[in-house]
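Numbering (my numbering), first residue to last: 2 to 158.
If you want it as structure tokens, here you go:
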């Protein structure tokens, strides 16, 4: 009986440590300002962690396709705003060819940064989606990029 009680206490303590760790990472993601923006006209490179995808990386594990323009630039911006709203992204910056939006996870409130760079010459929108905290994102940023691709071409309504 004492062994069972001890094992139960260990399980409870470990569970509490996991909750505290996730709460700490959530707080860190809300208060740690990420390095964002364009560098030499391109989105910043993804970090060494697997919780980032970009259409401007050479790393096949982090690479996603850029999004093709939907008509002209104005129509593409409208489609991207609509797609972003469908996915619950919140605009932070929209300056010229660069947009920065924020995604917040449901349970632990982790913040991810989603960036777009409009390339009028090639008629594509480059994107980068990266987690602010943690190491792995369990494919969340890749799934978001794919959902944006699909939502960009979905009919309005």
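All C-beta atoms in this analysis are idealised placements derived from N, C-alpha and C, irrespective of residue type, glycine included.
For the options 98, 6 and 45, the alpha carbon positioned closest to that of residue 122 is the one of 98.
The alpha carbon of residue 134 has as its nearest neighbour, out of 59, 2, 9 and 50, the alpha carbon of 50. Here residue 115 is buried. Its C-beta has 16 or more other C-beta atoms within 10 Å.
From the listed residues 3, 156 and 4, the smallest Cα separation to residue 87 is found for 156. Between residue 53 and residue 132, the gap from beta carbon to beta carbon is short of 8 angstroms. Shortest Cα-Cα distance from residue 84 to any of 154, 60, 94 and 35 involves 154. In this structure, the CA atom of residue 146 is about 9 angstroms from the CA atom of residue 56. For residue 147, the enclosing alpha helix (DSSP H) covers residues 141 to 154. Residue 43 carries a strand assignment under DSSP once its states are collapsed to helix, strand and coil. Residue 92 is bridged by DSSP to 102.
Taken through DSSP and simplified to helix, strand or coil, residue 78 comes out as helix. For residue 108, no beta strand (DSSP E) encloses it, and the DSSP letter there is neither H nor E.
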